[in-house]
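K.L.:
Residue numbers (the numbering used here): 331 to 783.
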């Protein structure tokens, strides 16, 4: 549930290069004529539906303020301004300055965030950036040891484990969908906090091939100031995730007039959805399928955008069908919910292709048509789904991805774009149109398993 925000997605994809010009391709074949950049920009103009992920818990203003105080307290440990002369060395001073600036950007973004989910995410990023800068400075000035940072990770690991062991999944039996989302959000935050407590491979220089743990005595010490700062920042972000999980868990429980156990409801729903998903995917081509079998017809006739959309939906459905149950049954239910939609989207898109529907993208007009189909499908899914929250869960990321795709196709300085670059991005519109069309039925399946109809 801890996904890329729309702002981050735009920043990542907006920087991707698109351009080029006509020329000789593989084997000396002439590549397609580039597309007019203005026509492409016009094709991807126009508004998109506003779709946010469900967040059925009210965050107390005091919790936001506590997060801001934690950031300010961390920054108070740094000199202001950062000195222009050493010690430490200029590279370290520059790194710390960048960290402070990132922290300020995150705090501003938190103030400007449109949703509580985004505000919490920006504040967690601010906690991470501030701790990274402060730890790097303290280590470089001999005020922090490597072992102290490792101890923070071990402490966080213990606290996450204690929280998970003590937590009970509760909800109102008459509102299982609200309970599903609330418990999934808390569970995902706790899981990510546990991940943050555990060192990554690049946090240590290692002689052993064993996976590291927070208490791994065989690992070499953090190798340099950058690694110390990075590790401290990750641990601080994990601590912020755990604080958010605790707060949201308490707020949700306090909001319930009838706080009943929901574990069996979620577990039974997960098992039912898993059986349905696996039964459907068993009829699909295998994971290592070639293009012709994937498409169901001559792959060369359908275009790369369609083939790529089919391949993505096919892979996602297989992945979620094969995924084992976790200790977070609420998140498992939502994962199977997505899997059902992706499986149905693959089937219906493949059927359209085999029946000769032309979905290729050879011009700006084709691009406009594919985008319009995706927008219409999203709007229809939101209007027709029996539970709009479950539809939003499926469609919030696709809409954010379409927004970033629009931006990447508009923000081009040259007069033309390579057709291949446009086709690469057009697959998102094709994929998400199919996914949106599958959403209402996936919502119905999930509601049935939750006994919410």
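We put the beta carbon where it would ideally sit given N, CA and C, even for glycine.
The model shown is predicted, which means the values in this text are computed figures rather than measured ones.
Helix, strand or coil: how does DSSP classify residue 659 here?
P.N.:
Residue 659 falls in the helix class under three-state DSSP.
K.L.:
Helix, strand or coil for residue 690 per DSSP?
P.N.:
Here residue 690 sits in coil by DSSP.
K.L.:
What residue from 402, 525, 486 and 772 has the CA that sits closest to residue 464's CA?
P.N.:
Residue 402 is the option with its Cα nearest to residue 464.
K.L.:
So, with DSSP's three-state summary, where would you put residue 838?
P.N.:
The question about residue 838 has no answer, for the chain in this structure spans 331 to 783.
K.L.:
Under 8 Å: do the stretch 574-591 and the stretch 498-518 share three or more Cβ pairs, one atom per stretch?
P.N.:
Yes, the stretch 574-591 touches the stretch 498-518.
K.L.:
DSSP three-state label for residue 403, please.
P.N.:
It is helical.
K.L.:
At the level of alpha carbons, what is the spacing between residue 557 and residue 422?
P.N.:
Cα to Cα, residue 557 sits roughly 12 Å from residue 422.
K.L.:
Pop quiz: residue 668 and residue 374 are said to be a contact at Cβ under 8 Å. What is the actual Cβ separation, rounded to whole angstroms?
P.N.:
Rounded, the Cβ-Cβ distance is 25 Å, inconsistent with contact.
K.L.:
Quick one: what's got a C-beta closer than 7 Å to residue 649's C-beta in the same chain, skipping five residues either side?
P.N.:
If we look at residue 649 and ignore the five residues flanking it on each side, it has no Cβ neighbours.
K.L.:
Taking residue 491 as the reference, give the member of 566, 478, 477 and 517 with the closest Cα.
P.N.:
Of 566, 478, 477 and 517, the residue nearest in Cα terms is 517.
K.L.:
So, do the stretch 624-641 and the stretch 757-769 have three or more beta carbon pairs nearer to each other than 8 Å?
P.N.:
The stretch 624-641, when compared against the stretch 757-769, does touch it at the 8 Å Cβ threshold.
K.L.:
Any contact of the stretch 452-466 with the stretch 554-568, i.e. 3+ C-beta pairs under 8 Å?
P.N.:
Contact between the stretch 452-466 and the stretch 554-568 is present, because at least three Cβ pairs lie under 8 Å.
K.L.:
Between the Cα of residue 685 and those of 626, 365, 612 and 435, spot the shortest distance and give me the residue it belongs to.
P.N.:
Of 626, 365, 612 and 435, the residue nearest in Cα terms is 626.
K.L.:
With distances taken from CA atoms, which of 749, 776, 675 and 427 is nearest residue 459?
P.N.:
Here the closest residue by C-alpha is 427.
K.L.:
Here's the rule I'm using: 16 or more other beta-carbon atoms within 10 Å means buried, otherwise exposed. How should residue 352 be labelled?
P.N.:
Caution applies to residue 352, whose pLDDT of 40 falls short of 50 and renders its modelled position unreliable; the value that the coordinates give is listed next. Looking at its Cβ environment, which holds fewer than 16 other Cβ atoms inside 10 Å, residue 352 is exposed.
K.L.:
Beta carbon of residue 715, beta carbon of residue 707: below 7 Å?
P.N.:
Going by C-beta atoms, residue 715 is not nearer than 7 Å to residue 707.
K.L.:
What is the DSSP secondary structure of residue 501, reduced to helix, strand or coil?
P.N.:
Correct three-state label for residue 501: strand.
K.L.:
Just to confirm, is the Cβ distance from residue 596 to residue 663 under 7 Å?
P.N.:
In contact: residue 596 and residue 663 (Cβ atoms closer than 7 Å).
K.L.:
With a threshold of 16 other CB atoms inside 10 Å of the CB of residue 396, please say whether the residue is buried or exposed.
P.N.:
Counting Cβ neighbours within 10 Å, residue 396 comes out exposed, since fewer than 16 surround it.
K.L.:
Determine the closest residue to residue 372 out of 702, 646, 765 and 393, with distance taken between C-alpha atoms.
P.N.:
When each option's Cα is compared against that of residue 372, the closest is 702.
K.L.:
Does the Cβ of residue 409 have 16 or more other Cβ atoms within 10 Å, making it buried, or fewer, making it exposed?
P.N.:
That one is exposed.
K.L.:
Taking its Cβ as the centre, do 16 or more other Cβ atoms sit within 10 Å of residue 391, making it buried, or is it exposed?
P.N.:
With fewer than 16 Cβ atoms within 10 Å of its Cβ, residue 391 is classed as exposed.
K.L.:
Which residue's Cα is closest to the Cα of residue 772: 606, 489 and 495?
P.N.:
Of the listed residues, the one whose Cα sits closest to residue 772 is 606.
K.L.:
Quick check: the Cα distance between residue 316 and residue 751, rounded to an integer number of angstroms?
P.N.:
Absent from the structure is residue 316, since the part of the chain shown begins at 331 and ends at 783.
K.L.:
Give a yes or no on whether the C-beta atoms belonging to residue 768 and residue 674 are separated by under 7 Å.
P.N.:
Yes, Cβ-Cβ distance for residue 768 and residue 674 is below 7 Å.
K.L.:
Have a look at residue 571 and residue 440 and give me their C-alpha separation to the nearest angstrom.
P.N.:
Their backbone Cα atoms lie some 15 Å apart in a straight line.
K.L.:
As a quick exercise: from 510, 564, 666 and 471, pick the residue whose alpha carbon is nearest that of residue 413.
P.N.:
Answer by Cα proximity: 471.
K.L.:
Would residue 694 and residue 369 be called neighbours here (beta carbons separated by less than 7 Å)?
P.N.:
It is a contact, given that the beta carbons lie within the stated cut-off.
K.L.:
Could you give the distance in angstroms between the alpha-carbon of residue 452 and the alpha-carbon of residue 681?
P.N.:
Those two C-alpha atoms are separated by around 42 Å.
K.L.:
Express the C-alpha separation of residue 388 and residue 660 in angstroms, rounding to a whole number.
P.N.:
Approximately 19 Å, taken between the alpha carbons.
K.L.:
Counting along the chain, where does the alpha helix (DSSP H) carrying residue 493 start and finish?
P.N.:
476-496 is the span of the alpha helix (DSSP H), which, as asked, contains residue 493.
K.L.:
May I ask you to report which of helix, strand or coil DSSP gives residue 375?
P.N.:
Residue state, collapsed to three classes: coil.
K.L.:
Which residues mark the beginning and the end of the alpha helix (DSSP H) in which residue 411 is found?
P.N.:
That residue, residue 411, is in no alpha helix (DSSP H); it is neither H nor E in DSSP.
K.L.:
From 585, 727, 479 and 386, pick the residue whose C-alpha is nearest to that of residue 845; which is it?
P.N.:
No answer is possible for residue 845: it lies beyond the span of the chain, which begins at 331 and ends at 783.
K.L.:
Assign residue 784 to one of three DSSP states: helix, strand, or coil.
P.N.:
There is simply no residue 784 to check, as the chain begins at 331 and stops at 783 in what is shown.
K.L.:
Apart from the five residues on each side of it in sequence, which residues of its chain come closer than 7 Å, Cβ to Cβ, to residue 594?
P.N.:
Hits under 7 Å: none found.
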